[in-house]
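Asker: Handing you this structure, nothing more for now.
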Amino acid sequence: MAAPRHSRDSGGSFTLNNPDDGTPIKEMLPLGKYLYVITEKCSYRVQMADQVDPERKNSALSPVFQQKLFELGTDSELLRRTLMQARVLFRKEFLCIDPDKAMELTLEALAELAALHEVCENFASSEQAAIDKLEASPSKDRSQTVPSAGNVQTQCKTFAQKADHFAAKLMEIVRLFYLEQKGKNWDDFLAMAKGLYGDSDPFCEVLNIAVPVLKLVRNTRDCLEHHLAGVVVRDFEPEPDGRIAVPTIEVSFRGSSLERTRISSFMAQVAKHLLETFEMLAAHMCNKHMKPFAGMPMEIGLVPEDVQNAWHVRFAYGMYDQNGRFVPCG
């Protein structure tokens with residue numbers, strides 16, 4: 005008589021256990037030993053019982069384990085311009101790099117970027133709450149209350165650390181495309197790109213904008229983390245004209261310079277720039293390293309706006325039709 009079938013050898017189904025989501029699954033991405041399931045609102049990591057207990061010693065083990073990773077789904081620009089964009093571009097059919105490693109690094113970079121955005125949003129919220137409280141509490145007894153956004157030095161340091169961690173993951177992806185970049189920095193990468201492609205190449209023009217901000221992030225982190233002179237962070241403080249200045253940051257260190265700027269604006273601008281940098285570097289590096297594909301004239305182009313929501317990205321491999329419209333492929 006045949007041995008009874010193990011429960012894990014049977015088919016089955018499960019639902020995503022998140023009552024705050026409820027949106028449909030839009031993407032599924034197998035990577036390593038996990039399956040990443042992405043809805044409109046959230047991203048989840050799914051693991052099977054055999055991956056947890058490969059020797060099948062615990063027959064009572066749940067057949068599926070699910071974990072919410074991010075409150076970011078296909079409706080999120082943050083996820084679309086990083087993980088979804090990488091999924092479309094980092095493909096073995098078109099590149100000679102290790103696509104799985106590139107995707108793993110992208111996922112790690114996204115985690116840093118998501119944490120960075122949380123710091124940014126929390127600071128902006130605490131700053132606004134302090135402003136609202138100040139406006140609701142007029143001065144009296146010849147005394148003016150100066151609000152506080154919390155420990156601004158620590159919040160700025162945390163933000164700079166997350167931003168620099170993101171930049172470090174991006175550099176690891178760069179090194180998959182350019183092996184000679186191992187042990188080198190962003191200035192080295194810019195110089196190498198100009199030597200390979202010329203100063204006026206669109207990729208070099210992107211790097212001319214991106215590299216100064218990436219260096220500003222690193223230099224700001226170094227100053228705040230190691231208590232070096234070069235960064236001045238201020239909480240709310242009174243001005244001679246009687247106004248209360250909002251929290252600000254200014255930087256002058258190792259060639260990076262930032263005039264006194266509102267911290268919430270600085271965080272928002274850096275976060276936006278890092279997102280754009282990832283997307284543009286990914287597109288340009290893949291374009292520079294694309295291998296021939298079945299004799300077809302493939303290239304990376306901008307996905308038409310009317311189909312971007314279906315693709316969840318802005319750039320893809322494809323061809324132009326007879327009317328000059330870019331047609332994304334695969």
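If you use my numbering, the sequence shown closes out at 334, no skipped numbers anywhere.
Think of the CB as a built atom: it goes at the ideal place given N, C-alpha and C, for glycine as much as any other residue.
1. Counting pairs of Cβ atoms below 8 angstroms between the segment 23-40 and the segment 62-81, do you hit three or more?
2. Going by CA-CA distance only, name the one from R49, L183 and D239 that's closest to F127.
3. How would you call C100, buried or exposed, if buried means at least 16 neighbouring beta carbons within 10 angstroms?
4. Taking the runs of the alpha helix (DSSP H) that are 4 residues or longer, which of them lie wholly in the segment 23-69?
5. Using a Cβ-Cβ cutoff of less than 7 angstroms, which residues in the same chain neighbour D102 once the five nearest sequence positions on both sides are dropped?
6. What are the residues that DSSP puts in a beta bridge with V331?
7. Please go through the same chain and pick out, in chain order, the residues whose beta-carbon is closer than 7 angstroms to the beta-carbon of N121, but skip the five residues on each side of it.
8. Just to check my reading of the structure: A197 and F207 have Cβ atoms closer than 8 angstroms, yes? What is that Cβ distance to the nearest angstrom?
9. Which residues in the same chain have their Cβ closer than 6 angstroms to the Cβ of A214, if we skip the five residues on either side of it in sequence?
10. Could you check the C-alpha separation between N189 and A53 for me, to the nearest Å?
11. Can you give me the start and stop residues for the beta strand (DSSP E) that S269 sits inside?
12. If you run the structure through DSSP and keep just helix, strand and coil, what is Q71?
13. Report the three-state DSSP secondary structure of P242 (helix, strand or coil).
14. Alpha carbon to alpha carbon, how far is G246 from S141?
15. On a Cα-Cα basis, can you pick out the residue from K173, V235 and D203 that is closest to T158?
16. Buried or exposed: where does D325 fall if 16 or more other Cβ atoms within 10 Å of its Cβ makes it buried?
17. Quick check: what's the CA-CA separation for S17 versus S66?
18. For the 8 angstroms Cβ check, are there 3 or more pairs between the segment 252-268 and the segment 221-228?
19. First and last residue of the alpha helix (DSSP H) that includes S3?
20. Is the beta carbon of A287 sitting closer than 7 angstroms to the one on I304?
21. Give me the residue from T43, K105 and K161 with the minimum Cα distance to I267.
22. Could you spell out the range, first to last residue, of the alpha helix (DSSP H) harbouring V221?
23. Could you tell me if M289 is buried or exposed, where buried requires 16 or more neighbouring beta carbons within 10 angstroms of its beta carbon?
24. Report buried or exposed for E116, applying the criterion of at least 16 other Cβ atoms within 10 angstroms of its Cβ.
25. Can you find a heavy atom of the ligand SAH that lies under 6 angstroms from the Cβ of S129?
26. Below 7 angstroms CB to CB, which residues in the same chain sit around V150 once its five sequence neighbours on both sides are set aside?
27. For V150, does the three-state DSSP call read helix, strand or coil?
28. DSSP three-state call for M302: helix, strand or coil?
29. Under a three-way DSSP split, which group does E176 fall into?
Answerer: Looking at the coordinates:
1. yes
2. The residue given as residue 127 occupies position 123 in the sequence shown. Among R49, L183 and D239, the Cα nearest to that of F127 belongs to D239.
3. The sequence position of residue 100 within the sequence shown is 96, counting from 1. Its Cβ having fewer than 16 others within 10 Å, C100 is exposed.
4. 53-56
5. Mapped onto the sequence shown, residue 102 falls at position 98. Correct list, in chain order: L180.
6. Here the question's residue 331 lines up with position 327 in the sequence shown. DSSP output for V331 lists M323 as bridge partner(s).
7. By 1-based counting over the sequence shown, the position of residue 121 is 117. It should be noted that the sequence gives His, not Asn, for residue 121. Taken in chain order, the residues that qualify are L82 and A275.
8. Counted from its first residue, the sequence shown places residue 197 at position 193. Counted from its first residue, the sequence shown places residue 207 at position 203. Yes, A197 and F207 are in contact; Cβ-Cβ is about 6 angstroms, under 8 angstroms.
9. Looking up residue 214 in the sequence shown gives position 210. Cβ-Cβ distances below 6 angstroms link A214 to T281 in the same chain, with the five nearest sequence neighbours on each side left out; the list follows chain order.
10. To locate residue 189, count along the sequence shown from 1; it is residue 185. To locate residue 53, count along the sequence shown from 1; it is residue 49. Answer to the nearest angstrom: the Cα atoms are 42 angstroms apart.
11. Counted from its first residue, the sequence shown places residue 269 at position 265. It is not in any beta strand (DSSP E) - S269 instead sits in the alpha helix (DSSP H) that spans I267 to H293.
12. As a first step, residue 71 is located in the sequence shown; it is residue number 67 there, counting from the start. Looking at Q71 - three-state DSSP - the assignment turns out to be strand.
13. Along the sequence shown, one-based indexing puts residue 242 at 238. In the structure shown, P242 sits in a strand (DSSP, three-state: E or B).
14. One-based indexing of the sequence shown puts residue 246 at position 242. One-based indexing of the sequence shown puts residue 141 at position 137. Between the C-alpha atoms of G246 and S141 there is a straight-line separation of about 15 angstroms.
15. The residue given as residue 158 occupies position 154 in the sequence shown. Out of K173, V235 and D203, V235 has the C-alpha closest to the C-alpha of T158.
16. Here residue 325 refers to the residue found at position 321 when the sequence shown is read from its first residue. By the 10 Å Cβ count, D325 comes out exposed.
17. Position 13 of the sequence shown, counted from the first residue, corresponds to residue 17. Position 62 of the sequence shown, counted from the first residue, corresponds to residue 66. Rounded to whole angstroms, S17 to S66 spans 12 angstroms at the Cα level.
18. With a cut-off of 8 angstroms, the segment 221-228 and the segment 252-268 count as touching, because enough Cβ pairs lie within range.
19. Past the boundaries of the shown model lies residue 3; the chain is included only from 5 to 334, so the question cannot be answered.
20. Counting from 1 along the sequence shown, the entry for residue 287 is found at position 283. Counting from 1 along the sequence shown, the entry for residue 304 is found at position 300. Yes.
21. Stepping through the sequence shown from its first residue, residue 267 is reached at position 263. Per the Cα distances, K161.
22. Locating residue 221 in the sequence shown gives position 217, counting from the first residue. Element bounds for V221: P206 to H230.
23. The count along the sequence shown starts at 1 and reaches residue 289 at position 285. The residue is buried, with at least 16 neighbouring Cβ atoms inside 10 Å.
24. Position 112 of the sequence shown, counting from 1, holds the residue named residue 116. Residue environment for E116: buried (at least 16 other C-beta atoms within 10 angstroms of its C-beta).
25. In the structure shown, the ligand SAH is absent, as is every other ligand, since no ligand is present at all.
26. The residue labelled residue 150 in the question sits at position 146 within the sequence shown. So the list reads F240, E241, P242 and I248, once near-sequence residues are dropped.
27. Working through the sequence shown from its first residue, we reach residue 150 at position 146. Here V150 carries a coil assignment [DSSP, helix/strand/coil].
28. Here residue 302 corresponds to residue number 298 of the sequence shown, with the count starting at 1. Look at M302 here: in three-state DSSP terms it is coil, with no helix or strand label.
29. Position 172 of the sequence shown, counted from the start, is the residue given in the question as residue 176. Here DSSP, grouped into helix, strand and coil, assigns E176 to helix.
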